[in-house]
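Novice: Got a structure here, written out as structure tokens. Questions coming.
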Amino acid sequence: MVRFEFDISFIINDSKRIEDKKRRRDIVVKSDINGIYCILGVEHQSSVDQAMVVRCAIYEMLEYLKQLENKEYKRLVPQIMVAFYTGPKKWNVPVKLSDYFEIPEELKKYFNDWKIILVDVKEMDTSKIKDEQTRYFIEAIQAMYKGDYIKLHQKRKMNTNNLIYAAIITGSLDMIKDIVEGDEMDMCEGMERMAEGFRSEGREEGILVGRNEGKLEEKQNTLLMQLRCKLGDLSKETENTIRSSTMEKLNKLTVSIFDIQSENDVLKLIH
Numbered sequence: 001m002v003r004f005e006f007d008i009s010f011i012i013n014d015s016k017r018i019e020d021k022k023r024r025r026d027i028v029v030k031s032d033i034n035g036i037y038c039i040l041g042v043e044h045q046s047s048v049d050q051a052m053v054v055r056c057a058i059y060e061m062l063e064y065l066k067q068l069e070n071k072e073y074k075r076l077v078p079q080i081m082v083a084f085y086t087g088p089k090k091w092n093v094p095v096k097l098s099d100y101f102e103i104p105e106e107l108k109k110y111f112n113d114w115k116i117i118l119v120d121v122k123e124m125d126t127s128k129i130k131d132e133q134t135r136y137f138i139e140a141i142q143a144m145y146k147g148d149y150i151k152l153h154q155k156r157k158m159n160t161n162n163l164i165y166a167a168i169i170t171g172s173l174d175m176i177k178d179i180v181e182g183d184e185m186d187m188c189e190g191m192e193r194m195a196e197g198f199r200s201e202g203r204e205e206g207i208l209v210g211r212n213e214g215k216l217e218e219k220q221n222t223l224l225m226q227l228r229c230k231l232g233d234l235s236k237e238t239e240n241t242i243r244s245s246t247m248e249k250l251n252k253l254t255v256s257i258f259d260i261q262s263e264n265d266v267l268k269l270i271h
């Protein structure tokens, strides 16, 4: 399986203007499945997106248009798009085009009903995940959202980075800063120490929505560290903006950190 091109661009021509429309998918790989090349795309979502079906439809059609314009392709390469949702809320918006409107019964058989494959991390069956560390990662996310630490009673060694990423997704990053040790850690012990931290703050165990208490300066430093790891050196404008942001805005940025591709994305989220 190899990486495929991330940027998908095409030109819309009309009488008034020419616009360069760009779309970016989070993960795109090209794979040989039973001798047939296929494009597998994943769009990561940390929040519910009303426009997800339309966005994915645009991604797919732009790619097909691009293939048609490429003379090297004798046939189009089929695509599979998956929306991987890691947010705390229930996905209660459309998963297919017909969810947006009513269609007369007599026209339904003529309607092209575009749909997405939605995978909600909170509802995944981890028993089907073969890779051990991936399974622990998903189970840690589920436990952090539910506050169900007793479920993780088995002695398992989890990659420390995976625990950090799970905490970023669930908005729990502040709670693990004192328990991260070495390359691996005992999953049960780590989750129990997280639970104790929540209890000592007087917080309820339940679905976490990124509204974490903590010192503002520590939150800013943690986010700056994460952004430097993801984007490299940050501009003074970005750093100053984060330094002057409220806890509410910083929590919003933490929850959306995997969606960030540039400093402009950071500034849009917290302005």
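In UniProt numbering, the protein residues as written are 1 to 271.
Don't be surprised by glycine CBs; every beta carbon is placed ideally from N, CA and C.
Can you tell me the Cα-Cα spacing of D233 and P104, whole angstroms?
Specialist: Roughly 55 Å separates the two Cα atoms.
Novice: Would DSSP call F84 helix, strand or coil?
Specialist: strand
Novice: What do you get for V266, buried or exposed, if any count of 16 or more other CB atoms within 10 angstroms of its CB means buried?
Specialist: buried
Novice: Taking the DSSP output, what are the residues bridged to H271?
Specialist: Answer is none; H271 lacks a bridge partner.
Novice: What did DSSP end up calling residue 302 once you bin it into helix, strand or coil?
Specialist: Past the edges of the chain, shown from 1 to 271, lies residue 302, and the structure says nothing about it.
Novice: On the CB-based measure, 16 or more other CB atoms within 10 Å of its CB, does F137 come out buried or exposed?
Specialist: buried
Novice: Count the other CB atoms within 10 Å of the CB of C56; is the residue buried (16 or more) or exposed (fewer)?
Specialist: For C56, the number of other beta carbons within 10 angstroms of its own is at least 16, and it is reported as buried.
Novice: Decide yes or no for the touch test of the region 102 to 122 against the region 81 to 93: beta carbon pairs closer than 8 Å, at least 3 of them.
Specialist: Contact holds: three or more Cβ-Cβ distances are below 8 Å.
Novice: Look up Q45 in the DSSP assignment and give the residues it is bridged to.
Specialist: Per DSSP, Y85.
Novice: For C229 and Q220, I'd like the C-alpha separation in whole angstroms.
Specialist: 14 Å
Novice: Taking only beta-carbon positions, decide if D125 is within less than 8 Å of chain D.
Specialist: Absent from the structure: chain D. Only one protein chain is present.
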